[in-house]
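The numbering used here applies: residue 78 is where the sequence shown begins, and numbers increase by one.
Below is one structure, written out as structure tokens; the observations come after it.
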Amino acid sequence: MLAEIESGITRWPVELEKEYLAAGYWENRSLGEQIFAVADNFPQRIALVDPDHGINLTFAQLTQRADATAARLLQLGFQPGDRAIIALPNTASFIVLLLGMLRAGILPVLALPSHRHFELKTLASSSGARAYISADVVRGFDHRELGEKLSQEVPNLEMVIIDGDPNPGQLNLKELLAAPHPNEVEPLRQRFDALDPPADQPALFLLSGGTTGVPKLIVRTHNDYVYNAKASLKINQFTHQDVFLAVMPISHNFPLACPGVLGALLSGAKTVITASPNPQKVFPIIKKYGVTHTALVPAVAQSWIDYQQQEHTGDLTSLKTLQVGGSRMPDSLAIKVNSLLGAQLQQVFGMAEGLINMTRLDDSEVVINTTQGRPISPADEVRVVNEHFEDVAPGEEGEILTRGPYTPRGYFANPEANEKSFHDGWYASGDVIHRRPDGNIVVHGRNKDIINRGGEKISAEEIESFIYYIDGVSRAAVVAMSHPVLHEDVCLVVELSGRTTLTVSETTEHLDAFGVARFKHPAKIIVVDHIPMTKIDKIDKKALRDFVAAQVD
Ligand code: OOB
78 MLAEIESGIT RWPVELEKEY LAAGYWENRS LGEQIFAVAD NFPQRIALVD PDHGINLTFA
138 QLTQRADATA ARLLQLGFQP GDRAIIALPN TASFIVLLLG MLRAGILPVL ALPSHRHFEL
198 KTLASSSGAR AYISADVVRG FDHRELGEKL SQEVPNLEMV IIDGDPNPGQ LNLKELLAAP
258 HPNEVEPLRQ RFDALDPPAD QPALFLLSGG TTGVPKLIVR THNDYVYNAK ASLKINQFTH
318 QDVFLAVMPI SHNFPLACPG VLGALLSGAK TVITASPNPQ KVFPIIKKYG VTHTALVPAV
378 AQSWIDYQQQ EHTGDLTSLK TLQVGGSRMP DSLAIKVNSL LGAQLQQVFG MAEGLINMTR
438 LDDSEVVINT TQGRPISPAD EVRVVNEHFE DVAPGEEGEI LTRGPYTPRG YFANPEANEK
498 SFHDGWYASG DVIHRRPDGN IVVHGRNKDI INRGGEKISA EEIESFIYYI DGVSRAAVVA
558 MSHPVLHEDV CLVVELSGRT TLTVSETTEH LDAFGVARFK HPAKIIVVDH IPMTKIDKID
618 KKALRDFVAA QVD
């Protein structure tokens, strides 16, 4: 059934697959089946709360809706193995849909509502998705129109499914997600229990925060992704009495599966899902629902701490663990978490490509506040290497390589990217780290040409390629500049000929015309006579970053 995509997938070596199974890291049970088995133990417990839309679903209601959704999707003509892009904001609908797709064996491609025409067109083509699923209007942007355009341009994208008010010819997500008639519940359950997809097959596609112009797809199998969530759960001592708050976009691996929403579902715990991380909105939600765990990027953690420091109004007593990751948390911020938010900090250094590192809850303060933790699985392998892929001496700085039971061996159908990022099965994330004698990792920087804007990764090359279309730009370089809240933002340095200025509003207009997501647009432009070059005539990004830092600070 999955023959069409099988050729794009790099599997683990067969011997290793056997080892992971024998050791119990892989359980040979699908994600949907495992969540349903847990739900059977807690049918009347609340699984999902969406305070933005007044939705409360018990585990029984959630699983029943998921099966009904699965049936309606198949009725529309989807087949197991088909792909569909989800670009929904954080809502209960997203989770019901995700579970429904897992039950039907339809593979979600997890995009963001901030993605625009450029990203989505590329994704729709590379994934072969048959549908684009989004909300009608998000932050003033009309996704129905975008969906129409995409479906006209990409032949495989036949359906546009809208949460809200669809345009003519588009489908209404709410109708797909509605509860089944009571008579249908049992037959649907039996039907989809029987259709359970093999656990060594793909469950979903994540996007890589990668360095090249084309968003790369990461295939996560049921076996590896269940383990991702369960290994994270084990370290977090998360139980069915805990409450997880999903506040960062759940298309990201971190709030989805580390342990995140999937971990909460697999524990029989409650998930509260909301779209805005604004502390004024979120703090009352934490209090009302007794949230115990959440996952944030440092920029959001900082906004919570600042707010609490200024307003002293948040009752966060229920909060036990605050996970922070996605970009390097400054040590100076880490030390404030416990005293100001009253929660134990857990630093998380992870990647959609697999490897997750976490500080442990009982680690010393020094470890928790100054390191990014250690791998969550005993089967994770980590090397620290120099530019020739030779191991550096213990404790020395180098680039991290990793492989393991939840780190796939290649991107989907992208031999060029695999050549660059995978070496003999080892994934090279491009992060520069050192490992302390106790095994904890400290992230120092990176050898990859990206900007990490508050946790969202932006490829410099991608933005540069669009800037070159602007008349009068003779050379362009995109680099990170420091930002007080996001820690990094996008700075464009240009050499011009035939024009003397280039403004941010001009580049915004230009990038909008290409349909490039707004979060990737330059926030500052510096015009120079000469962009520094290396001896081999490449742009010297390091010198440029130093130059920009001197200009901006
Ligand atoms: C998470 O995943 P991605 O795929 O969006 O980004 C991965 C990259 C890493 O290679 C690294 O460059 C950076 O994000 N990163 C960190 C970090 N956590 C991620 N850099 C420094 N310190 C950290 N704590 O960002 C992600 C996935 C799962 C869990 C957590 C984060």
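Glycine residues also receive a C-beta, built at the ideal position from the N, C-alpha and C atoms.
Remember, predicted model here, so these are calculated numbers, not experimental data.
>> Below 8 Å on the Cβ atoms is my contact criterion, and I expect residue 571 with residue 563 to pass it. Report the Cβ-Cβ distance as a whole number of Å.
In response: On the sequence shown, position 494 is the one that residue 571 refers to. On the sequence shown, position 486 is the one that residue 563 refers to. Contact between residue 571 and residue 563 does not hold, since their C-beta atoms are separated by about 22 Å, which reaches or exceeds 8 Å.
> At a cut of 8 Å, does the segment 115-124 reach the segment 332-350 through at least three beta carbon pairs?
Replying inline: The segment 115-124 and the segment 332-350 touch, with no fewer than 3 CB-CB distances between them shorter than 8 Å.
>> Can you check which of these residues, 252, 425, 627, is closest to residue 519 by C-alpha distance?
In response: Start at 1 with the first residue of the sequence shown, and residue 519 comes out as number 442. It is 425 whose Cα lies nearest to the Cα of residue 519.
>> Please confirm whether residue 146 has its beta-carbon closer than 8 Å to some beta-carbon of chain D.
In response: The structure shown has no chain D; it contains just one protein chain.
> Per DSSP, residue 560 is paired with what?
Replying inline: In the sequence shown, residue 560 corresponds to position 483, counting from 1. Paired residue(s): 564.
> To the nearest angstrom, how far is it from the Cα of residue 118 to the Cα of residue 592?
Replying inline: Counted from its first residue, the sequence shown places residue 118 at position 41. Counted from its first residue, the sequence shown places residue 592 at position 515. Distance between the alpha carbons of residue 118 and residue 592: 46 Å.
>> At the level of alpha carbons, what is the spacing between residue 103 and residue 480?
In response: The residue labelled residue 103 in the question sits at position 26 within the sequence shown. The residue labelled residue 480 in the question sits at position 403 within the sequence shown. So the alpha carbons of these two residues sit roughly 15 Å apart.
> Over what stretch of residues does the beta strand (DSSP E) that includes residue 529 continue unbroken?
Replying inline: Looking up residue 529 in the sequence shown gives position 452. Taken as a continuous stretch (DSSP letters only), the beta strand (DSSP E) holding residue 529 covers 527-530.
> At what residues does the alpha helix (DSSP H) containing residue 103 begin and finish?
Replying inline: As a working note, residue 103 is residue 26 in the sequence shown. Segment: none, residue 103 is in no alpha helix (DSSP H) and carries neither H nor E.
> Going by DSSP, which residues form a beta bridge with residue 423?
Replying inline: One-based indexing of the sequence shown puts residue 423 at position 346. Per DSSP, 400.
> What's the gap between the Cα of residue 451 and the Cα of residue 101?
Replying inline: For the purposes of this step, residue 451 is taken as residue 374 along the sequence shown, with counting starting at 1. For the purposes of this step, residue 101 is taken as residue 24 along the sequence shown, with counting starting at 1. Rounded to whole angstroms, residue 451 to residue 101 spans 21 Å at the Cα level.
>> Taking only three categories from DSSP, how would you classify residue 291?
In response: Numbered from 1 along the sequence shown, position 214 holds the residue referred to as residue 291. Residue 291 falls in the coil class under three-state DSSP.
> Hey, would you say the C-beta of residue 325 is under 7 Å away from at least one heavy atom of ligand 1?
Replying inline: Here residue 325 refers to the residue found at position 248 of the sequence shown. It does not: the Cβ of residue 325 is nowhere closer than 7 Å to a heavy atom of ligand 1.
>> Considering only the alpha carbon of each residue, which of 574, 530, 531 lies closest to residue 74?
In response: Missing from the structure shown is residue 74; the chain here goes from 78 to 630 and no further.
> Which word fits residue 599, buried or exposed, when buried means at least 16 other C-beta atoms lie within 10 angstroms of its C-beta?
Replying inline: For the purposes of this step, residue 599 is taken as residue 522 along the sequence shown, with counting starting at 1. Here residue 599 is buried, its C-beta having at least 16 other C-beta atoms within 10 Å.
> Where does the unbroken beta strand (DSSP E) through residue 209 begin, and where does it stop?
Replying inline: Within the sequence shown, the letter at position 132 stands for residue 209. Start and end: 208-212.
> Hey, quick one: how far does the beta strand (DSSP E) through residue 279 stretch, first residue to last?
Replying inline: For the purposes of this step, residue 279 is taken as residue 202 along the sequence shown, with counting starting at 1. In this chain, the beta strand (DSSP E) harbouring residue 279 covers 279-284.
>> On the DSSP letters alone, give me the boundaries of the beta strand (DSSP E) that residue 476 sits inside.
In response: For the purposes of this step, residue 476 is taken as residue 399 along the sequence shown, with counting starting at 1. Counting along the chain, the beta strand (DSSP E) containing residue 476 begins and ends at 475-480.
> What is the C-beta distance between residue 221 and residue 247, in whole angstroms, given that I count them as a contact (C-beta under 8 Å)?
Replying inline: Position 144 of the sequence shown, counted from the start, is the residue given in the question as residue 221. Position 170 of the sequence shown, counted from the start, is the residue given in the question as residue 247. The pair is a contact, with the Cβ atoms about 6 Å apart (cut-off 8 Å).
>> Which residues does DSSP list as the beta-bridge partners of residue 522?
In response: In the sequence shown, residue 522 corresponds to position 445, counting from 1. Beta-bridge pairing links residue 522 to 509.
> So residue 173 is in the alpha helix (DSSP H); what residue range does that whole segment cover?
Replying inline: In the sequence shown, counting from the first residue as 1, residue 173 sits at position 96. Where residue 173 is concerned, the enclosing alpha helix (DSSP H) stretches over 169-181.
> In the DSSP assignment, what residue or residues form a beta bridge with residue 540?
Replying inline: As a first step, residue 540 must be located in the sequence shown, where it is residue number 463. Partner(s): none; residue 540 has no beta bridge.
> Does the pairing of the segment 184-191 with the segment 235-250 give three or more beta-carbon distances under 8 Å?
Replying inline: No, because fewer than three Cβ pairs between the segment 184-191 and the segment 235-250 fall closer than 8 Å, the two stretches do not touch.
> By the 10 Å Cβ neighbour count, where 16 or more other Cβ atoms means buried, how is residue 537 classified, buried or exposed?
Replying inline: Residue numbering aside, residue 537 sits at position 460 when the sequence shown is read from its first letter. By the C-beta density criterion, residue 537 is buried, having at least 16 other C-beta atoms within 10 angstroms.
> If we call anything under 8 Å between Cβ atoms a contact, is residue 234 one with residue 314?
Replying inline: Here the question's residue 234 lines up with position 157 in the sequence shown. Here the question's residue 314 lines up with position 237 in the sequence shown. Not closer than 8 Å, so no.
> Where in the segment 418-474 do unbroken runs of the alpha helix (DSSP H), each at least 4 residues long, occur, reported from the N-terminal end onward?
Replying inline: Listed in chain order, they are 442-447.
>> Classify residue 409: buried if its beta carbon has 16 or more other beta carbons within 10 angstroms, exposed otherwise.
In response: Within the sequence shown, residue 409 is the residue found at index 332, counting from 1. Residue 409 is exposed by the Cβ-count criterion.
> When the distance is taken between beta carbons, is residue 173 closer than 8 Å to residue 149?
Replying inline: Locating residue 149 in the sequence shown gives position 72, counting from the first residue. Locating residue 173 in the sequence shown gives position 96, counting from the first residue. For residue 149 and residue 173, no; Cβs fall outside 8 Å.
> Taking DSSP as the reference, what is the three-state secondary structure of residue 488?
Replying inline: Within the sequence shown, numbered from 1, the residue matching residue 488 stands at position 411. Three-state DSSP puts residue 488 in coil, outside helix and strand.
> residue 514 and residue 472 look like a contact to me (Cβ under 8 Å); what is the Cβ gap, rounded to whole Å?
Replying inline: Mapped onto the sequence shown, residue 514 falls at position 437. Mapped onto the sequence shown, residue 472 falls at position 395. Confirmed, about 7 Å.
> What runs of the alpha helix (DSSP H), each 4 residues or longer, lie entirely inside the segment 100-170?
Replying inline: Runs found: 108-118, 136-152.
> Where do the ends of the beta strand (DSSP E) carrying residue 348 lie?
Replying inline: Counting from one through the sequence shown, the residue named residue 348 turns up at place 271. 347-350 is the extent of the beta strand (DSSP E) around residue 348.
>> Runs of 4 residues minimum, wholly inside the segment 317-391: which ones carry the alpha helix (DSSP H) assignment?
In response: Taking 4 residues as the minimum length, the alpha helix (DSSP H) runs contained wholly in the segment 317-391 are 330-334, 337-344, 356-366, 375-388, in order along the chain.
> Who are the near neighbours of residue 458 in its chain, counting only those whose CB is closer than 7 Å to its CB and skipping five residues on each side?
Replying inline: Taking the first residue of the sequence shown as position 1, residue 458 is located at position 381. Taken in chain order, the residues that qualify are 479, 480, 481.
> Roughly how many angstroms lie between the CA atoms of residue 552 and residue 583, to the nearest whole one?
Replying inline: Start at 1 with the first residue of the sequence shown, and residue 552 comes out as number 475. Start at 1 with the first residue of the sequence shown, and residue 583 comes out as number 506. Approximately 16 Å between the Cα atoms of the pair.
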